[in-house]
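**Student:**
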Amino acid sequence: MSLKKFSELFSDLDSFNSTNNKIEVLKNYFLSNDPIDNSWAIYLLTGKSNKRFISGRYLKNLFSQIYEYPQWLIDTCYLKVGDSAEVITLLLKNKTNSKKKKLSNISLNELLSEKIPALSKLNEEEKNLEIKNLWETLPEDNHLIFNKILTGTFRVGVSIGLITKSISKLINIEEEIISHRLMGDFKPSIDSYKFLINKNINLQELNSKPFPFLLANTIEDKIFKNSINDFQFEWKYDGIRMQLIKRSGNISLWTRGQELVNESFPELVEKMSHIKDDFVLDGELLVWNFKEQIAFDFSLLQKRINRKSPTRSIQIKYPIIFIAYDLLEINGKDIREIKLKSRRIELEKFFLKWQNKTENNISDIFKICDLIYPKDWPDALAYKEKSRENNTEGLIIKKKTSIYSSGRKKGIWWKCKVDPMQLDAVLIYAKGGSGRRAGLYTDYSFALWKDQELIKFASAYSGLTNIEIKELDKWIRKNTIEKFGPVRSLKPEMVFEISFEKIQISKRHKSGIAVRFPRITKWRKDKKIIDADSLENAYELMKKIS
Amino acid sequence: MKTKQEYLIRYKDGNLYCELADIWIDPSKPVKKALITHAHFDHFTFGCEEYISTKETAILLKQRVGDNIKIKTFEYGEEFKINGINISFHPSGHILGSSQIRFIFAEEKWLISGDFKLQKDQTCKKYEIVKTDYLVSECTFGLPIFKWDESNKIANDISKWITNSPDKTSLLFCYSLGKAQRLLNEISQTNFKGNIYSHGSIHKMNNSYRELGIDIKDTIKIENKKKIDELKGSLVLLPPSLSKGSYLKNFKNLQTAFASGWMSIRALRKRSGYDKGFAISDHADWDGILEVVKKSEAKNVFFHHGDSEALSKYLVEKESINVLLFSE
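Chains as they are written, first to last, in my numbering: chain A, 158 to 703; chain B, 11 to 338.
This is the structure we're talking about:
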């Protein structure tokens with residue numbers, strides 16, 4: 158019923174490490190709360206509420222202003238805590254002992270459908286007053302949730318899969334159905350929750366929704382024991398995985414992150430609506446170099462992703478293509494249960510038909526993925542090595558007899574990524590982390606040699622174990638040359654192996670190069686800084702690849 | 011302004027030292043004469059020629075160092091003289107026997123706070139406000155994000171945590187001296203009425219507390235290879251040093267928690283590796299430190315134990331209190 162219950166749920170989910178515990182806690186929550194609060198809870202827990210009403214900075218300024226609190230003190234606390242919403246929650250413990258009547262029975266629904274949306278209709282002064290009022294009237298243990306929702310930073314260690322499982326257990330219906338119902342646009346309401354827990358399965362109502370995506374696992378050695386002929390080989394494109402759906406004449410374009418993105422890619426929606434058949438296609442959206450018939454870099458796709466209603470000139474500047482991997486449904490018939498090799502035949506058949514029979518030319522925006530036919534496993538690996546040439550990340554290997562199930566099922570699809578590029582670099586700066594890594598120095602900058610000088614070339618924060626992070630943190634504190642705010646410059650002493658996916662010329666960086674997805678793959682304690690790579694090594698690497 | 015050599019008490023080799031009396035406070039290396047504020051391992055060292063403490067601290071200290079140390083004891087408030095300096099112990103509310111130490115010399119008062127808290131704790135004497143000219147205070151939790159909840163609220167949370175999982179063994183990690191006994195005292199007043207087990211190191215301290223007249227609930231000493239069923243729904247108190255490693259393999263179907271002030275920060279809670287954190291501390295929170303600084307009426311304050319940068323700046327800017335820095 159109340160926001161308090163949801164705060165308890167949050168704290169329980171936050172503290173239990175075991176999946177079974179989490180499912181149990183969720184189930185009990187759903188059982189003991191009303192449908193509207195449950196639908197809001199699902200909305201929050203599945204991360205569909207990333208709307209930011211105010212920024213963390215704004216929250217901190219507001220607190221400082223209301224309670225005449227020095228800004229520098231809040232900033233110092235932030236370094237320890239790593240999350241604005243939590244800092245303010247902790248600081249509020251000192252401030253809200255006022256005698257004001259508490260809104261102890263406010264429901265999650267009331268907060269999310271009334272109180273918080275009402276804020277955006279107020280002018281700044283009224284808004285600040287209302288936030289202050291809520292701080293002082295909401296019970297203390299609700300502050301964290303409130304501040305996190307305000308700043309759009311509500312996150313908890315629960316996957317959609319876990320929510321799916323707990324609802325599935327609650328009503329005894331297969332996870333696939335729940336997962337299907339949870340896909341896409343989930344608007345919190347009594348009806349949406351009732352639909353979710355409806356024990357009768359109605360296919361019609363699931364009409365515009367995508368199927369759960371089947372995901373690939375990292376390649377395992379045991380696969381090489383099988384005959385190469387048992388598998389279908391495709392390039393692994395570096396774009397946005399999507400399902401392109403046409404049912405009852407309507408197109409819907411869903412990302413794997415369950416977003417409906419029709420508005421961002423209107424030219425695709427328009428063209429595909431001319432096809433006479435209904436279908437569900439699984440594929441990848443890319444910005445395409447039509448002259449060379451390869452994908453452009455992911456960075457160009459980024460120019461399209463978050464732009465709704467792109468202008469004609471944007472559409473021409475960044476031309477997109479949808480490459481279909483798979484056909485999941487055709488004219489209302491779900492064919493996920495038939496084998497991949499048969500689905501592929503259907504996909505090719507319909508693609509040919511659509512190409513020839515559709516009034517508008519669709520081939521400038523839609524194609525099916527080319528297959529690769531390695532003669533044996535070494536040959537397959539040789540293909541993988543060539544993937545950089547056509548701007549792909551490696552290979553996807555699919556078992557020809559597999560059906561299209563959901564999730565990261567083992568033994569069906571594998572991804573085989575091209576090995577990363579590596580350089581040994583010197584640690585020169587460190588910055589405090591946020592969130593789980595608050596209070597530790599976990600964001601690092603690395604440099605390469607240029608003559609006698611170390612030039613920064615990449616920043617990375619992932620790849621070290623927790624034990625290594627602690628060890629390095631201790632070292633950083635002892636070997637700081639200078640502090641600039643949260644950043645420390647360090648005595649050049651530590652060498653790390655940095656892996657990355659791409660390397661290219663960049664005028665924006667002092668080093669003249671930019672790398673993609675840099676990460677730490679080894680702490681090279683065996684190396685002295687003199688052994689680290691130079692910028693020249695980096696340029697050679699770049700030449701070798703292009 | 012005095013130079014650091016002129017201060018009655020200063021920092022030497024990383025320890026608090028009074029040169030006039032040639033006496034050290036909680037030294038970390040063997041010395042001739044050591045005043046001990048309390049019996050936590052980071053506040054004394056083996057091998058000093060003479061220790062001076064309260065009666066309770068002396069007994070706890072002997073438990074840890076052995077019986078054959080030379081130790082002189084004084085009651086709280088009892089004044090004694092060394093080289094013309096008047097010295098006395100005063101309750102600091104941290105653990106049983108813990109004390110602040112006051113020095114008076116040539117009409118100048120110095121107060122070493124020791125570790126202290128203002129919160130309720132039925133297992134030791136309440137913090138006593140002592141007026142001073144110079145205050146040397148700890149500041150382990152010297153940021154305003156630290157604001158402790160009432161200890162009975164935490165105890166109720168712990169009780170709920172155990173009773174909500176009746177099929178599990180609940181392992182609560184806490185310091186074996188002080189925190190464990192305070193928790194036992196608080197938990198015995200909650201709705202949790204199940205069995206409580208404690209590790210040998212904690213069991214030993216419980217007995218010492220009882221001998222010193224503190225009413226502590228009886229616990230069962232945990233033996234290796236307890237039957238799993240027997241532990242279901244029980245609480246087991248363990249020292250934090252056992253939280254990593256093979257010791258936990260003695261238990262099945264368990265849940266773990268850590269009782270420490272640091273657990274008030276989510277990131278630290280998550281990183282600690284325990285299922286749950288209970289933010290209960292035997293140190294003062296931010297408000298506690300400010301209160302002690304103000305009520306002591308000290309004109310000059312030194313901080314040690316903890317990051318004091320923010321606290322110092324705040325006192326200087328907001329309260330116009332002179333905060334000094336120790337330097338060797």
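Glycine included, C-beta positions come from ideal geometry on N, C-alpha and C.
Could you work out which residues of chain A lie near residue 297 of chain B, taking near to mean beta carbons separated by less than 9 Å?
**Tutor:** Here residue 297 of chain B corresponds to residue number 287 of the second sequence, with the count starting at 1. Near residue 297 of chain B (Cβ distances below 9 Å), the residues of chain A are 251.
**Student:** If we define contact as Cβ-Cβ less than 9 Å, is residue 309 of chain A a contact residue for chain B?
**Tutor:** On the first sequence, residue 309 of chain A is found 152 positions in, with the first residue counted as 1. Taking Cβ atoms only, chain B never reaches closer than 9 Å to residue 309 of chain A, which makes this a no.
**Student:** Against chain A, does residue 182 of chain B count as a neighbour if the rule is that its beta carbon must be under 9 Å from one of theirs?
**Tutor:** Residue mapping note: residue 182 of chain B aligns to position 172 of the second sequence, counting from 1. It does not: the Cβ of residue 182 of chain B has no partner Cβ on chain A nearer than 9 Å.
**Student:** From this set, A:432, A:318 and A:352, which residue's C-alpha is nearest residue 203 of chain A's C-alpha?
**Tutor:** For the purposes of this step, residue 203 of chain A is taken as residue 46 along the first sequence, with counting starting at 1. Among A:432, A:318 and A:352, the Cα nearest to that of residue 203 of chain A is on A:318.
**Student:** For residue 95 of chain B, which option in B:113, B:300, B:206 and B:316 has the closest C-alpha, if you only look at C-alpha atoms?
**Tutor:** Numbered from 1 along the second sequence, position 85 holds the residue referred to as residue 95 of chain B. Checked all of B:113, B:300, B:206 and B:316; the closest Cα to residue 95 of chain B is B:113.
**Student:** Just checking: is the beta-carbon of residue 600 of chain A within a distance shorter than 9 Å of some beta-carbon in chain B?
**Tutor:** Locating residue 600 of chain A in the first sequence gives position 443, counting from the first residue. Not closer than 9 Å to any Cβ of chain B, the Cβ of residue 600 of chain A fails to qualify, so no.
**Student:** Taking the straight line between their C-alpha atoms, what separation do you get for residue 177 of chain B and residue 311 of chain A?
**Tutor:** Indexing the second sequence from 1 puts residue 177 of chain B at position 167. Indexing the first sequence from 1 puts residue 311 of chain A at position 154. Approximately 31 Å, taken between the alpha carbons.
**Student:** Rounded to whole angstroms, what is the Cα-Cα separation between residue 261 of chain B and residue 175 of chain A?
**Tutor:** Residue mapping note: residue 261 of chain B aligns to position 251 of the second sequence, counting from 1. Residue mapping note: residue 175 of chain A aligns to position 18 of the first sequence, counting from 1. One C-alpha to the other measures close to 16 Å.
**Student:** With a CB to CB cut of under 8 Å and the five nearest residues on each side skipped, what residues in its chain are close to residue 351 of chain A?
**Tutor:** For the purposes of this step, residue 351 of chain A is taken as the residue at position 194 of the first sequence. These residues qualify, in order along the chain: 192.
**Student:** Does the region 57-72 of chain B come within contact of the region 677-697 of chain A, defined as at least 3 CB pairs closer than 8 Å?
**Tutor:** The region 57-72 of chain B, when compared against the region 677-697 of chain A, does not touch it at the 8 Å Cβ threshold.
**Student:** Just to check my reading of the structure: residue 221 of chain A and residue 211 of chain A have Cβ atoms closer than 8 Å, yes? What is that Cβ distance to the nearest angstrom?
**Tutor:** Taking the first sequence and counting its residues from 1, one reaches residue 221 of chain A at position 64. Taking the first sequence and counting its residues from 1, one reaches residue 211 of chain A at position 54. Not confirmed; about 14 Å, so no contact.
**Student:** Against residue 276 of chain B, what residues of chain A qualify as contacts under a CB-to-CB distance less than 9 Å, listed in chain order?
**Tutor:** The residue labelled residue 276 of chain B in the question sits at position 266 within the second sequence. Correct list: 171, 238, 239, 240, 243, 301, 592, 593 and 595.
**Student:** The beta strand (DSSP E) that contains residue 391 of chain A, what's its start and end?
**Tutor:** For the purposes of this step, residue 391 of chain A is taken as the residue at position 234 of the first sequence. That run of the beta strand (DSSP E) goes 388-392.
**Student:** Whole angstroms is fine: what's the gap from residue 656 of chain A's alpha carbon to residue 623 of chain A's?
**Tutor:** Your numbering for residue 656 of chain A matches position 499 in the first sequence. Your numbering for residue 623 of chain A matches position 466 in the first sequence. Taking the straight line joining both Cα atoms gives about 19 Å.
**Student:** Short of 9 Å Cβ to Cβ, which residues in the region 598-622 of chain A face chain B?
**Tutor:** Answer in chain order: no residues at all.
**Student:** Could you check whether the Cβ of residue 229 of chain A sits closer than 9 Å to any Cβ belonging to chain B?
**Tutor:** As a working note, residue 229 of chain A is residue 72 in the first sequence. Yes, contact with chain B.
**Student:** Identify each residue in the region 134-163 of chain B for which the Cβ-Cβ distance to at least one residue of chain A is less than 7 Å, and report them in chain order.
**Tutor:** Of all residues in the region 134-163 of chain B, 153, 154, 155 and 157 have a Cβ within less than 7 Å of some Cβ in chain A.
**Student:** Are residue 312 of chain B and residue 144 of chain B closer than 9 Å when you measure CB to CB?
**Tutor:** Within the second sequence, numbered from 1, the residue matching residue 312 of chain B stands at position 302. Within the second sequence, numbered from 1, the residue matching residue 144 of chain B stands at position 134. In this structure, residue 144 of chain B lies closer than 9 Å to residue 312 of chain B by Cβ.
**Student:** In its own chain, which residues sit with a C-beta less than 6 Å from the C-beta of residue 58 of chain B, not counting the 5 before and 5 after it?
**Tutor:** To locate residue 58 of chain B, count along the second sequence from 1; it is residue 48. So the qualifying residues of the chain are 40, 41 and 44.
**Student:** Under 9 Å, do residue 162 of chain B and residue 190 of chain B count as touching if we go by C-beta distance?
**Tutor:** Along the second sequence, one-based indexing puts residue 162 of chain B at 152. Along the second sequence, one-based indexing puts residue 190 of chain B at 180. No.
**Student:** Using 8 Å as the cut-off, can you tell me whether the region 672-689 of chain A makes contact with the region 610-622 of chain A, which would need three or more C-beta pairs spanning the two stretches below that distance?
**Tutor:** As far as the Cβ criterion goes, the region 672-689 of chain A touches the region 610-622 of chain A, which means the pair count is three or higher.
**Student:** Is it a yes or a no for the region 467-478 of chain A touching the region 381-392 of chain A, going by three-plus beta-carbon pairs under 8 Å?
**Tutor:** Result no; under three Cβ-Cβ pairs closer than 8 Å.
**Student:** Check the Cβ-Cβ distances between residue 328 of chain B and every residue of chain A, and say whether any is below 9 Å.
**Tutor:** If you number the second sequence from 1, residue 328 of chain B lands on position 318. Output row for residue 328 of chain B: interface = yes.
**Student:** Please report how far the alpha carbon of residue 568 of chain A lies from the alpha carbon of residue 378 of chain A, in whole angstroms.
**Tutor:** If you number the first sequence from 1, residue 568 of chain A lands on position 411. If you number the first sequence from 1, residue 378 of chain A lands on position 221. If I take the Cα positions, the gap works out to 12 Å.
**Student:** Let me check understanding here. Comparing Cα to Cα, which of A:547, A:332, A:538 and A:186 lies closest to residue 162 of chain A?
**Tutor:** Numbered from its first residue, the first sequence carries residue 162 of chain A at position 5. For residue 162 of chain A, the nearest C-alpha among the options comes from A:186.
**Student:** Quick one: complete alpha helix (DSSP H) runs, 4+ long, within the region 502-546 of chain A?
**Tutor:** Runs found: 534-543.
**Student:** Tell me the rounded alpha-carbon separation between residue 134 of chain B and residue 217 of chain A.
**Tutor:** As a working mapping, residue 134 of chain B is identified with position 124 in the second sequence. As a working mapping, residue 217 of chain A is identified with position 60 in the first sequence. So the alpha carbons of these two residues sit roughly 39 Å apart.
**Student:** Take residue 68 of chain B and list the residues in its own chain whose beta-carbon comes closer than 7 Å to its own, dropping the five residues that flank it on each side.
**Tutor:** Looking up residue 68 of chain B in the second sequence gives position 58. If we look at residue 68 of chain B and ignore the five residues flanking it on each side, its Cβ neighbours are 81 and 83.
**Student:** Restricting to runs no shorter than 3 residues, where is the beta strand (DSSP E) found entirely within the region 173-217 of chain B?
**Tutor:** Fully enclosed beta strand (DSSP E) runs of 3 or longer: 179-183 and 206-208.
**Student:** Assign residue 407 of chain A to one of two classes, buried (16 or more other C-beta atoms within 10 Å of its C-beta) or exposed (fewer than that).
**Tutor:** Taking the first sequence and counting its residues from 1, the one referred to as residue 407 of chain A is at position 250. Burial call: exposed.
**Student:** Quick check: the region 272-284 of chain B against the region 209-225 of chain B, are there 3 or more CB pairs under 8 Å?
**Tutor:** The answer is no - the region 209-225 of chain B does not touch the region 272-284 of chain B, with fewer than three Cβ pairs under 8 Å.
**Student:** Which residues in chain B sit within 7 Å of residue 234 of chain A, going by Cβ to Cβ distance?
**Tutor:** Position 77 of the first sequence, counting from 1, holds the residue named residue 234 of chain A. The answer, in chain order, is 153, 154 and 155.
**Student:** How far does the beta strand (DSSP E) with residue 242 of chain A in it extend, from its first residue to its last?
**Tutor:** Translated into positions along the first sequence, residue 242 of chain A becomes position 85. It is not in any beta strand (DSSP E) - residue 242 of chain A instead sits in the alpha helix (DSSP H) that spans 241-249.
**Student:** Just mark residue 468 of chain A as buried or exposed, buried being the case when its beta carbon has 16 or more other beta carbons within 10 Å.
**Tutor:** To locate residue 468 of chain A, count along the first sequence from 1; it is residue 311. Label assigned to residue 468 of chain A: exposed.
**Student:** What residues of chain A sit near residue 320 of chain B, judged by a beta carbon separation below 7 Å?
**Tutor:** Counting from one through the second sequence, the residue named residue 320 of chain B turns up at place 310. 230 and 233, listed in chain order.
**Student:** Among A:414, A:574 and A:199, whose alpha-carbon lies nearest the alpha-carbon of residue 354 of chain A?
**Tutor:** Taking the first residue of the first sequence as position 1, residue 354 of chain A is located at position 197. For residue 354 of chain A, the nearest C-alpha among the options comes from A:199.
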